[in-house]
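**Student:**
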Amino acid sequence: MLQHASEVSECSATCLRSLKISSSILLLTGDVHCCLITNNCVWHTYAIYIKSSVLPTRMIYAINASGGSISQHQFTYNILVLSFSVIFLSLCTALNILLVFIIFRLTKKQVNVLFVAALGFANTVASIASIFTHVNKFLISLKTGSTTLTIGQCILHNPHIIFTIISQDLNMHTLLALSLERMTSLCKPSWHNAAFTRRKVLSVLLIFICIVCVKVVCILNDVIRRSEIEVDRSCTFFLVFSPAICRMLMFSYMVVIYFTALVYFSTCAVVRFKKRNMATELRSMQLYREASLTRSFGLVLFFLIILQALPLTAILIDRGKTLPAEFTNYTRTIRDIAWLVIPVIYFYSHPDINEQLVKRFPILKAFFSHKQKTAESAVYIGDKSDTKKKPSS
Numbered sequence: 003m004l005q006h007a008s009e010v011s012e013c014s015a016t017c018l019r020s021l022k023i024s025s026s027i028l029l030l031t032g033d034v035h036c037c038l039i040t041n042n043c044v045w046h047t048y049a050i051y052i053k054s055s056v057l058p059t060r061m062i063y064a065i066n067a068s069g070g071s072i073s074q075h076q077f078t079y080n081i082l083v084l085s086f087s088v089i090f091l092s093l094c095t096a097l098n099i100l101l102v103f104i105i106f107r108l109t110k111k112q113v114n115v116l117f118v119a120a121l122g123f124a125n126t127v128a129s130i131a132s133i134f135t136h137v138n139k140f141l142i143s144l145k146t147g148s149t150t151l152t153i154g155q156c157i158l159h160n161p162h163i164i165f166t167i168i169s170q171d172l173n174m175h176t177l178l179a180l181s182l183e184r185m186t187s188l189c190k191p192s193w194h195n196a197a198f199t200r201r202k203v204l205s206v207l208l209i210f211i212c213i214v215c216v217k218v219v220c221i222l223n224d225v226i227r228r229s230e231i232e233v234d235r236s237c238t239f240f241l242v243f244s245p246a247i248c249r250m251l252m253f254s255y256m257v258v259i260y261f262t263a264l265v266y267f268s269t270c271a272v273v274r275f276k277k278r279n280m281a282t283e284l285r286s287m288q289l290y291r292e293a294s295l296t297r298s299f300g301l302v303l304f305f306l307i308i309l310q311a312l313p314l315t316a317i318l319i320d321r322g323k324t325l326p327a328e329f330t331n332y333t334r335t336i337r338d339i340a341w342l343v344i345p346v347i348y349f350y351s352h353p354d355i356n357e358q359l360v361k362r363f364p365i366l367k368a369f370f371s372h373k374q375k376t377a378e379s380a381v382y383i384g385d386k387s388d389t390k391k392k393p394s395s
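Note that the working numbering numbers the sequence shown so that position 152 is 154, with each residue one more than the last.
Encoded structure:
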């Protein structure tokens with residue numbers, strides 16, 4: 003920026019002030035030479051803004067390490083990355099809202115889809131929180147002034163951090179409930195009919211919400227206790243919360259996810275055994291439908307383990323010793339992919355959701371035609387209240 007100081011000094015005071023205003027005011031000054039220099043230096047002005055707010059932790063929208071300044075190309079690239087992130091996460095939000103809408107439009111809501119609706123709601127909250135996270139990162143890189151904030155100010159300026167925790171907790175508890183529902187449905191249908199009625203499922207979801215609220219209260223208590231501590235204004239998860247809280251949140255998530263995976267694999271073993279010992283054709287059709295529901299849940303669980311649980315496990319084990327700082331940014335980026343994958347899996351592989359989706363959007367009928375033919379021979383094992391009211395022929 004120093005090499006342009008002599009050029010900028012030739013500008014009038016009005017033109018210098020216009021560096022911080024709009025280009026339209028520059029045209030009103032009549033100083034063409036100054037306007038040309040201003041257009042030439044505007045990117046260096048952005049470099050001053052960003053250089054004054056260099057963060058101690060590396061960010062996705064980072065300043066290049068060579069000179070601490072940002073070029074026009076780099077700034078344009080950051081804008082494109084931000085735009086892509088917002089568009090992608092907006093698509094995730096729309097798909098998850100559509101998933102919840104499709105489920106609530108089902109004429110017969112089986113207990114399985116109630117958990118899927120809760121999962122879609124949690125993913126919607128997570129997607130919206132991720133949008134605010136990406137926008138906040140970009141704005142931080144352009145701000146001037148103090149580079150620190152108190153933890154209390156971080157929470158007030160970035161409430162999406164709390165919503166991310168809420169969605170993650172609701173997500174993991176719902177996955178565990180889905181896994182247990184699949185296990186009882188395939189192993190002990192009588193237990194499934196007794197334990198997984200609509201009223202009991204809604205009660206379980208209410209319990210999950212209460213658990214999440216208690217955890218949030220504990221977290222906020224920790225934040226209030228440390229509210230006057232100054233941290234970097236990036237206000238990341240590891241800066242805002244104490245190490246004990248961070249480990250507790252990550253460890254609880256991993257334990258629940260891995261236990262859910264253990265229950266799922268046990269269920270798969272039971273399904274394989276029962277397929278070899280089928281007694282009747284009716285039971286074969288029943289197991290076929292249940293297996294399709296279990297398969298869709300298995301795909302969701304697989305992607306969550308790959309995209310979220312394994313990276314968090316690596317961070318928790320490493321504790322910042324060998325993993326580079328960029329690894330945490332990468333984990334936050336690939337985590338967002340799960341919010342798109344989950345609704346797509348259920349749209350394609352869940353028979354009831356798939357059928358309702360085709361009814362709402364007939365244009366998709368050709369794409370899902372083979373799925374509709376396969377689903378015709380399916381028989382549901384579940385809450386008897388779902389089949390009590392049948393239309394008279």
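Heads up, the beta-carbon is just placed ideally off N, CA and C, and yes, glycines get one too. Owing to the predicted nature of the structure, the values given are computational and were not obtained by experimental measurement.
Once you ignore the five residues that flank V265 on each side, which residues in its own chain have a CB closer than 6 Å to its CB?
**Tutor:** Counting only Cβ-Cβ distances below 6 Å, and skipping sequence neighbours, we find S181 and M185.
**Student:** Measuring alpha carbon to alpha carbon, tell me which residue in L301, I163 and A128 is nearest R337.
**Tutor:** When only C-alpha atoms are compared, the closest one is A128.
**Student:** Just how far apart, CA to CA, sit C212 and F165?
**Tutor:** C-alpha separation (whole angstroms): 15 Å.
**Student:** Measuring straight from C-alpha to C-alpha, what distance separates Y260 and T78?
**Tutor:** Near 41 Å, if we compare the C-alpha coordinates of T78 and Y260.
**Student:** So does S244 have its beta carbon nearer than 7 Å to some heavy atom of the ligand MN?
**Tutor:** You won't find the ligand MN in this model; it holds no ligand whatsoever.
**Student:** Taking 8 Å as the threshold, find out whether the segment 349-356 comes into contact with the segment 294-309 through three or more Cβ pairs.
**Tutor:** Yes, the segment 349-356 touches the segment 294-309.
**Student:** Hey, could you find the ends of the beta strand (DSSP E) E230 is sitting in?
**Tutor:** Where E230 is concerned, there is no enclosing beta strand (DSSP E), given that its DSSP letter is neither H nor E.
**Student:** Give me the residue from E357, I307 and F275 with the minimum Cα distance to L108.
**Tutor:** Among E357, I307 and F275, the Cα nearest to that of L108 is on E357.
**Student:** With DSSP as the reference, label D320 as helix, strand or coil.
**Tutor:** Helix, per DSSP.
**Student:** Using a threshold of 8 Å, state whether the C-beta atoms of N125 and W341 are closer than that.
**Tutor:** Yes, the Cβ-Cβ distance between N125 and W341 is below 8 Å.
**Student:** List the DSSP bridge partners of L97.
**Tutor:** Answer is none; L97 lacks a bridge partner.
**Student:** Determine the burial state of P345: buried for a count of at least 16 other Cβ atoms within 10 Å of its Cβ, exposed for fewer.
**Tutor:** The residue is buried, with at least 16 neighbouring Cβ atoms inside 10 Å.
**Student:** Between the segment 151-166 and the segment 189-203, do at least 3 Cβ pairs fall closer than 8 Å?
**Tutor:** As far as the Cβ criterion goes, the segment 151-166 does not touch the segment 189-203, which means the pair count is below three.
**Student:** Rounded to whole angstroms, what's the CA-CA distance from C237 to I142? Just pull it up for me.
**Tutor:** Approximately 10 Å, taken between the alpha carbons.
**Student:** With DSSP as the reference, identify every bridge partner of L180, one or two as the case may be.
**Tutor:** For L180, which the question treats as bridged, DSSP gives no partner whatsoever.
**Student:** Relative to the C-alpha of I163, which residue among L178, A131 and L177 is closest?
**Tutor:** Checked all of L178, A131 and L177; the closest Cα to I163 is A131.
**Student:** Where do the ends of the alpha helix (DSSP H) carrying L414 lie?
**Tutor:** A question about residue 414 goes unanswered here, because the residues of the chain that appear run from 3 up to 395.
**Student:** Just confirm the distance between the C-beta atoms of I167 and V218, as a whole number of angstroms; I'd bet it's less than 8 Å.
**Tutor:** About 7 Å separates the two Cβ atoms, so the contact holds.
**Student:** Just curious, the alpha helix (DSSP H) that L309 is in, first and last residue?
**Tutor:** Unbroken run through L309: none, as it is neither H nor E.
**Student:** Out of curiosity, what's the CA-to-CA distance linking F253 and L318?
**Tutor:** Whole-angstrom Cα-Cα distance: 8 Å.
**Student:** The beta strand (DSSP E) spanning L151 covers which residue range?
**Tutor:** Its beta strand (DSSP E) spans residues T150 to T152.
**Student:** Among the residues of its own chain, which have a CB less than 7 Å from the CB of Q310, if the five just before and after it don't count?
**Tutor:** Hits under 7 Å: R337 and A340.
**Student:** Measure the beta-carbon distance from E183 to F117 and round it to whole angstroms, keeping in mind my assumption that it falls under 8 Å.
**Tutor:** Between F117 and E183 the Cβ distance is about 7 Å, and since that is below 8 Å, they are a contact.
**Student:** Identify every residue that forms a DSSP beta bridge with D234.
**Tutor:** The partner list for D234 (beta bridge, DSSP) reads T150.
**Student:** What is the DSSP secondary structure of T315, counted as helix, strand or coil?
**Tutor:** If DSSP states are grouped into helix, strand and coil, T315 belongs with the helices.
**Student:** Less than 8 Å between the CB atoms is what I'm expecting for T176 and M256, so what's the real figure, rounded?
**Tutor:** About 16 Å separates the two Cβ atoms, so there is no contact after all.
**Student:** Once DSSP output is grouped into helix, strand and coil, what is the label at K190?
**Tutor:** In this structure, K190 counts as coil in the three-state DSSP scheme.
**Student:** Using three-state DSSP, classify T199 as helix, strand or coil.
**Tutor:** Correct three-state label for T199: coil.
**Student:** Distance, Cα to Cα, L207 vs A120?
**Tutor:** One C-alpha to the other measures close to 8 Å.
**Student:** Express the C-alpha separation of C220 and R228 in angstroms, rounding to a whole number.
**Tutor:** When rounded, the distance between both Cα atoms is 13 Å.
**Student:** Using DSSP with H/G/I as helix, E/B as strand and the rest coil, what is N160?
**Tutor:** Coil at N160, not helix or strand.
**Student:** Output the distance between the C-alpha atoms of L222 and V102, rounded to the nearest integer angstrom.
**Tutor:** When rounded, the distance between both Cα atoms is 29 Å.
**Student:** Quick one: what's got a C-beta closer than 8 Å to V88's C-beta in the same chain, skipping five residues either side?
**Tutor:** For V88, where only same-chain residues beyond five positions count, the Cβ hits under 8 Å are I133, H136 and V137.
**Student:** Along the chain, where does the alpha helix (DSSP H) containing K361 start, and where does it finish?
**Tutor:** P353 to R362 is the extent of the alpha helix (DSSP H) around K361.
**Student:** State the DSSP-derived secondary structure class of S244, mapped to helix, strand or coil.
**Tutor:** In the structure shown, S244 sits in coil (DSSP, three-state: anything other than H, G, I, E or B).
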